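A.B. asks: So that we are looking at the same thing, I have put the structure below in structure tokens.
Protein chains: 2
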Amino acid sequence: MKNLHGLSGGWSHGASAGSSRLVNRHEVCIINALPLTEQEELTFKEVASGVQQYFVGDEGLDKDLSSELTDKATVILGNLQVSQVKRCKRIAWMQTASAGVNNYEVDGVLPETAMITSASGAYGQEVSEHMFAMMWALMKRLPNYRDQQRENIWQDRGPVATVRGAKVLIVGTGDIGSHFAQLVKAVGGNTIGIRRDVRKAAPGIDTMFGFKDLDKLLPQVDVVALVVPSSPDTYHILNRKRLSLIRSHAIIINAGRGDAVDCQALAEYLAAGSIGAAGLDVTEPEPLPKDHQLWNEPQCLITPHIAGGYHLPQARTQAINIALDNVQRYLSGLPLRNRMR
Amino acid sequence: MKNLHGLSGGWSHGASAGSSRLVNRHEVCIINALPLTEQEELTFKEVASGVQQYFVGDEGLDKDLSSELTDKATVILGNLQVSQVKRCKRIAWMQTASAGVNNYEVDGVLPETAMITSASGAYGQEVSEHMFAMMWALMKRLPNYRDQQRENIWQDRGPVATVRGAKVLIVGTGDIGSHFAQLVKAVGGNTIGIRRDVRKAAPGIDTMFGFKDLDKLLPQVDVVALVVPSSPDTYHILNRKRLSLIRSHAIIINAGRGDAVDCQALAEYLAAGSIGAAGLDVTEPEPLPKDHQLWNEPQCLITPHIAGGYHLPQARTQAINIALDNVQRYLSGLPLRNRMR
């Protein structure tokens, strides 16, 4: 709960002293749909003492809430179903448990004046670590050795690679991309970033380029890591032509959006040996159809979109800490962290 | 070839100025059984100009050498078969391409006065990286996801773990153990070392203990990494009783000697869920018999003793650089690096 008493610390410096205005606690009604332990629930009660707060648990996400509750709620914590959110007409602020808030930004879901804040920052560690683990596993041929193990075969599979000294291209350098870059750097790799605004630095990135430089960079690198958000610009950013620019020993890691990669073309390139390997936590479509070629491609390692979520318990704690911090800020009239709207 | 011109650098400070005595190059005859590229062969020729040097390649390791050659050889570079080494009666110095030199220290293999130097230091990176990759893969359940992939199953396998903040016990803190500790530290793990001489520090180890503390430490850690050398003391150092002290979420990594772990007991504990997972690059015996229970244990990841050797090309280069440096030292009458006898 490191942010619990952090109001006087780093996060509040954005507030100008004059803008603080205390919220009237009696007018606030919170629907709390965060996945909390009993202890954490107590902490939320403490922080919001004097405020009506209904804990619906994360099972509440799929459940119909009573009209009594939806009619009076002014704050939502957690990713309630969009259909439920729509029923809450008095919402002034919504805090998601996810890094993305796309679903709730759509017109008509929330009142126009409602603020939206995200849990951005909570998932950088878990997603980047999953990518890091996949990259190392592929470099050391662990999926191939696992396949052999299934057939009780003890046989050398030849040379392996290393992250040390490798050139790692990271497409998308937000929270996750930057975390990943820092892991790569920590073990001796070189990092090249691609982002929309080249002037914006990201911790862990040695050199930053724009998307227009992608074609030039692809033939130079040992790893291509994709963590782009879902947007029309990122659809098939690794299309058939770009995949052909990647070197035959190189590894692709995708943990952003599945359709950032043309999965059909990727399967063909992997089968032909013109790309070294791929580690995909996201695919196009999802789930990957039973008969998709990628399932049976030895050089492709597939995990079922589990890099994020709360698979690493620390991520859940971090997301909850962000929400808790924002509840304190909201009730104190301070600017909210991770404000998206 | 960073050591090629390094004689005046770090490695030579052990030489007292007066002890230098030039070797008479005409009396030296080298059997070079290192796995060299043509370019590297030229470098060895250059460095040993005026010296008879026979390049037998690493295929030579298993081949009968001519009596003419074995009769006049005074230096062996590379791991010639013991039977061939025995035939060379005039050897003054042998440089192995391996970190271990056990086979050549046996009485009667080399003349009593012959020096032996190893390639210790060349394999720290590759073996430690393989251990690191196995640890991450097991923490993120990649072997389980690979098994699912083989059956085209898209299904969440639940929580994962992280090296960040984990307590990693490293048993054996020589070159490989120390390299591994540094990787663990680089990504935020905590390292505890066990070695014979507690007063000897090792880079990357936070706290050092002796072997007598092993039983006390095992129930406290998240990872137990074994990189002990082969010796009577290390046989079944993780025996049935000690395995019972390890926590049910903990991961065992073994890349030292196979019989450091009681593999039969390990298989039973993994099957019972009382140990989290194991990554074994070495087993008892090797190769692991076709019908051994460990092959089919989902929580055990097996690789066929390939962490070392020259699987990472950089390791070969490093081993060759050590040999090359020592040839220069030998011909200049300077103390040899990595002297084992």
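These protein sequence lines map, in sequence, to chains A and B. The first sequence begins at 1 in full-length UniProt numbering and counts up by one. The second sequence begins at 1 in full-length UniProt numbering and counts up by one. A virtual CB, placed ideally from N, CA and C, is assigned to each residue, including glycine. Quantities reported herein were computed from a predicted structural model and do not represent experimental measurements.
Buried or exposed for R196 (chain B), please, with buried defined as at least 16 other CB atoms from any protein chain shown within 10 angstroms of its CB.
C.D. replies: To locate residue 196 (chain B), count along the second sequence from 1; it is residue 196. Flag for R196 (chain B) reads exposed.
A.B. asks: Could you work out which residues of chain A lie near Y145 (chain B), taking near to mean beta carbons separated by less than 9 Å?
C.D. replies: The residue labelled residue 145 (chain B) in the question sits at position 145 within the second sequence. Residues of chain A passing the Cβ test: L301, I302, T303, P304, I306.
A.B. asks: Quick one: which residues of the region 229-241 of chain B get their C-beta closer than 8 Å to a C-beta of chain A? List them in chain order.
C.D. replies: Listed by position along the chain: nothing, the set is empty.
A.B. asks: Curious, which full-length beta strand (DSSP E) runs of at least 3 residues does the region 40-82 of chain B contain?
C.D. replies: Listed in chain order, they are 52-55, 75-77.
A.B. asks: For T117 (chain B), write down the residues that DSSP places opposite it in a beta bridge.
C.D. replies: Your numbering for residue 117 (chain B) matches position 117 in the second sequence. Bridge partners of T117 (chain B): B:Q95, B:R339.
A.B. asks: May I have the straight-line CA-CA distance separating Y123 (chain B) from A323 (chain B), to the nearest angstrom?
C.D. replies: Your numbering for residue 123 (chain B) matches position 123 in the second sequence. Your numbering for residue 323 (chain B) matches position 323 in the second sequence. Their backbone Cα atoms lie some 14 Å apart in a straight line.
A.B. asks: For a quick check, are the C-beta atoms of V109 (chain A) and V82 (chain A) less than 8 Å apart?
C.D. replies: Walking along the first sequence from the start, residue 109 (chain A) turns up at place 109. Walking along the first sequence from the start, residue 82 (chain A) turns up at place 82. Cβ atoms of V109 (chain A) and V82 (chain A): closer than 8 Å.
A.B. asks: Which residues in chain D sit within 8 Å of T162 (chain A), going by Cβ to Cβ distance?
C.D. replies: This model lacks chain D altogether; the protein chains it does include are A and B.
A.B. asks: Is G279 (chain A) closer than 8 Å to I306 (chain A) when the C-beta atoms are compared?
C.D. replies: The residue given as residue 306 (chain A) occupies position 306 in the first sequence. The residue given as residue 279 (chain A) occupies position 279 in the first sequence. Against a cut-off of 8 Å, the Cβ pair of G279 (chain A) and I306 (chain A) comes out as no contact.
A.B. asks: According to DSSP, C29 (chain A) sits in a beta bridge with which residue or residues?
C.D. replies: If you number the first sequence from 1, residue 29 (chain A) lands on position 29. Paired residue(s): A:Q52.
A.B. asks: Taking C-beta to C-beta, are D222 (chain A) and A166 (chain A) nearer than 8 Å?
C.D. replies: Residue numbering aside, residue 222 (chain A) sits at position 222 when the first sequence is read from its first letter. Residue numbering aside, residue 166 (chain A) sits at position 166 when the first sequence is read from its first letter. For D222 (chain A) and A166 (chain A), yes; Cβs fall inside 8 Å.
A.B. asks: Examine chain A for any beta-carbon lying closer than 8 Å to the beta-carbon of A152 (chain B), and answer yes or no.
C.D. replies: Walking along the second sequence from the start, residue 152 (chain B) turns up at place 152. At residue 152 (chain B) the sequence reads Asn, which differs from the Ala that was named. It does; some Cβ of chain A falls within 8 Å.
A.B. asks: Along the chain, where does the beta strand (DSSP E) containing F209 (chain B) start, and where does it finish?
C.D. replies: As a position in the second sequence, residue 209 (chain B) is number 209, starting the count at 1. From DSSP, the beta strand (DSSP E) with F209 (chain B) extends over 207-209.
A.B. asks: Taking only three categories from DSSP, how would you classify I277 (chain B)?
C.D. replies: The sequence position of residue 277 (chain B) within the second sequence is 277, counting from 1. At residue 277 (chain B) the sequence reads Ala, which differs from the Ile that was named. Note: A277 (chain B) maps to strand in three-state DSSP.
A.B. asks: Alpha carbons only, please: which of B:A201, B:M139, B:Y145, B:A119 is nearest the one belonging to A99 (chain B)?
C.D. replies: As a first step, residue 99 (chain B) is located in the second sequence; it is residue number 99 there, counting from the start. Closest by alpha carbon: B:A119.
A.B. asks: Which whole-angstrom value describes the C-beta separation of G172 (chain A) and V227 (chain A), a residue pair presumed to lie in contact below a C-beta threshold of 8 Å?
C.D. replies: Indexing the first sequence from 1 puts residue 172 (chain A) at position 172. Indexing the first sequence from 1 puts residue 227 (chain A) at position 227. Correct: roughly 4 Å between the Cβ atoms.
A.B. asks: Spatial neighbours of L218 (chain B) within its chain, please: C-beta separation below 8 Å, excluding the five flanking residues on both sides.
C.D. replies: Residue 218 (chain B) sits at position 218 when you count from the first residue of the second sequence. Closer than 8 Å at Cβ, skipping near neighbours: L169, V224, R242, L245, I246.
A.B. asks: One question on the structure: do I192 (chain A) and F209 (chain A) come within less than 8 Å of each other, judged by their Cβ atoms?
C.D. replies: Looking up residue 192 (chain A) in the first sequence gives position 192. Looking up residue 209 (chain A) in the first sequence gives position 209. Against a cut-off of 8 Å, the Cβ pair of F209 (chain A) and I192 (chain A) comes out as a contact.
A.B. asks: For a test of the three-state rule: what should DSSP assign to V327 (chain A), helix, strand or coil?
C.D. replies: On the first sequence, residue 327 (chain A) is found 327 positions in, with the first residue counted as 1. Reduced to three states, the DSSP call for V327 (chain A) is helix.
A.B. asks: Using 8 Å as the limit for Cβ to Cβ distance, is L266 (chain A) near chain B?
C.D. replies: The residue labelled residue 266 (chain A) in the question sits at position 266 within the first sequence. No, its Cβ sits nowhere closer than 8 Å to a Cβ of chain B.
A.B. asks: Secondary structure at A225 (chain A), three-state DSSP: helix, strand or coil?
C.D. replies: Against the first sequence, residue 225 (chain A) aligns to sequence position 225. Strand at A225 (chain A).
A.B. asks: Could you have a look at G165 (chain B) and say whether DSSP puts it in helix, strand or coil?
C.D. replies: On the second sequence, position 165 is the one that residue 165 (chain B) refers to. In this structure, G165 (chain B) counts as coil in the three-state DSSP scheme.
A.B. asks: Does the pairing of the region 131-145 of chain A with the region 276-294 of chain A give three or more beta-carbon distances under 8 Å?
C.D. replies: Because the criterion of three Cβ pairs below 8 Å is met, the region 131-145 of chain A and the region 276-294 of chain A touch.
A.B. asks: Checking 8 Å against the spacing of the C-beta atoms, do V75 (chain B) and I30 (chain B) come in under that value?
C.D. replies: The residue labelled residue 75 (chain B) in the question sits at position 75 within the second sequence. The residue labelled residue 30 (chain B) in the question sits at position 30 within the second sequence. In contact: V75 (chain B) and I30 (chain B) (Cβ atoms closer than 8 Å).
A.B. asks: Tell me which residue opens and which closes the beta strand (DSSP E) that I237 (chain A) is part of.
C.D. replies: Position 237 of the first sequence holds residue 237 (chain A). No beta strand (DSSP E) holds I237 (chain A); DSSP gives it neither H nor E.
A.B. asks: Does residue 342 (chain B) come within less than 8 Å of chain A when only Cβ atoms are used?
C.D. replies: This structure gives no information on residue 342 (chain B), because the portion of chain B shown stretches from 1 to 341.
A.B. asks: Please list, in chain order, all residues of the same chain as V187 (chain A) whose beta carbon is under 8 Å from its beta carbon, the five residues on each side excluded.
C.D. replies: Translated into positions along the first sequence, residue 187 (chain A) becomes position 187. For V187 (chain A), where only same-chain residues beyond five positions count, the Cβ hits under 8 Å are V163, R164.
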